[in-house]
Every structure is written in C-alpha cells, then in structure tokens.
Amino acid sequence: MVFKTFNAGDVLTSADVNDYLMKQSVIVCTSGTRPASPVEGMTVYETDTDRYVSYTGGSWSEMMTMGAWANYAPGWNGAIGNGTITARYTRLAGRLIVFQILLTWGGTTTAPGSQWQFSIPVAAARNFVGAASVFDSSAGRLWTGSFRALSSSTQIDRVFVDSADGDTGNANRSWVLNNNTTPFTWASPDELSISGFYEAS
Numbered sequence: 001m002v003f004k005t006f007n008a009g010d011v012l013t014s015a016d017v018n019d020y021l022m023k024q025s026v027i028v029c030t031s032g033t034r035p036a037s038p039v040e041g042m043t044v045y046e047t048d049t050d051r052y053v054s055y056t057g058g059s060w061s062e063m064m065t066m067g068a069w070a071n072y073a074p075g076w077n078g079a080i081g082n083g084t085i086t087a088r089y090t091r092l093a094g095r096l097i098v099f100q101i102l103l104t105w106g107g108t109t110t111a112p113g114s115q116w117q118f119s120i121p122v123a124a125a126r127n128f129v130g131a132a133s134v135f136d137s138s139a140g141r142l143w144t145g146s147f148r149a150l151s152s153s154t155q156i157d158r159v160f161v162d163s164a165d166g167d168t169g170n171a172n173r174s175w176v177l178n179n180n181t182t183p184f185t186w187a188s189p190d191e192l193s194i195s196g197f198y199e200a201s
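Dropping the structure here:
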C-alpha cells in the first residue's frame, strides 16, 4: 500500500477507499475499539485516553498524549503512612517522557533505611538524571538537588540534595536521601519534589 494519485475519470473502488483513505487516515476511536486488523503505520486517536497510537506491525505504540497529564503510582521504598505521594506524566513526540513526583510527609511517614527509590512511569531507554528539591516546612528552608535513574531497574535509585539556605553550618554540603534525618529531621508537611524528562525504551 502506497500513496496513489487519482485522476479525473478514475473509478473509485471499495479497495481504494479501504487502502488509500481508511487505512491511511487518523482514525478516531477508543482504546477498546481500535481496528481489529490494523496495517503497519496505521494511526488512531483514542478519545478515552487522549493518546495518538500507531501500529508498528506487531503492536500498538503510543506516539503522543494530548490534554491533561496522566496520573501514575510512583512507588517508594519507604512507608508513606498518612502522608501523600502523587505523580503525573505525559508523553511528547514519540519517546519523550516528562514526569513529576511530589511526596508530602505525614505524621506516620517513615523513610527507608537505604537510598530512596521511586518508580518511573515508563521504562527508560538509558540511564538519566533530573532535578529534585526538598522543603523543610518548620524552618522555611529549601534544598535543591538532583536524582539518578537507571533504565535497567526502571526507577530512580538515588536522590541528592544540597543546602540552598545560606546556613554556614551546611554550606557546600551534599546529602543522599537515605533516612528520616537527612538533611534534616523530616516531619509533616515537609516536601520532596522530583521532575525530569527522558527517552522511553
């Protein structure tokens, strides 16, 4: 099936309509009503997911998400207790994933006794890094930092923060988040924010 130029007087057959019109246009449907016998390159827009997906010959692959970002369960190796953890993401231009995670500490939240880990929404093609920040609500102090994510484990496996408040006792210091007291004693409603973008696998 290729592009076809129609000339005046040509007879438009049912095969022409199916091959050159139906199979090569963007089809509007839902994720549950995609064409049953797709051809490679067929593209549909799903009204229930706000996604463009394309058939790659063996499966449907997401191309782009339109409209509102999607929620996902980020997973954390600590115990969230009565705190909250929310995460959202969107897919832009094929394999570009943009995401954000916000952890708000609660009175019964407990950090793991190891490096903090969070799952990412879609498996990554390779390792990547992104931005992180921590807010100490009782002191009104902001700490900025970064994180590292491993494509092999589809998760963020280490979050670093640095002093950003001018406190001479903490100047030029860096911490890896791995307990309840780094870089301060965590309490409600302290926050950790993580955001980044990466290439999906």
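For the sequence shown, this note's numbering assigns the number 1 to the initial residue and increments by one for each residue that follows.
We put the CB at the ideal spot given by N, CA and C, even for glycine.
Residue nearest to residue 181 within the set 122, 198, 109 is 109 (criterion: CA-CA distance). In the same chain as residue 188, and ignoring 5 residues on each side of it, the C-beta atoms closer than 6 Å to its own belong to 105, 106, 107, in chain order. Under DSSP, the beta-bridge partners assigned to residue 101 are 87, 194. When the Cα atoms are used, residue 138 and residue 157 turn out to be separated by approximately 27 Å. Straight across, the Cα-Cα distance linking residue 116 with residue 77 is about 6 Å. Assigned with DSSP and collapsed to three states, residue 21 falls in helix. Secondary structure at residue 124: strand, using DSSP grouped into helix, strand and coil. In the DSSP annotation of this structure, the continuous segment of the beta strand (DSSP E) that includes residue 54 starts and ends at 51-55.
Contact between the segment 54-63 and the segment 35-44 is present, with at least three C-beta pairs closer than 8 Å. Comparing alpha-carbon positions, the option among 149, 159, 185 lying closest to residue 174 turns out to be 159. With at least 16 other beta carbons inside 10 angstroms of its own, residue 90 counts as buried. Under DSSP, residue 145 forms a beta bridge with 132, 161. In this chain, residue 39 is not harboured by any beta strand (DSSP E), its DSSP state being neither H nor E.
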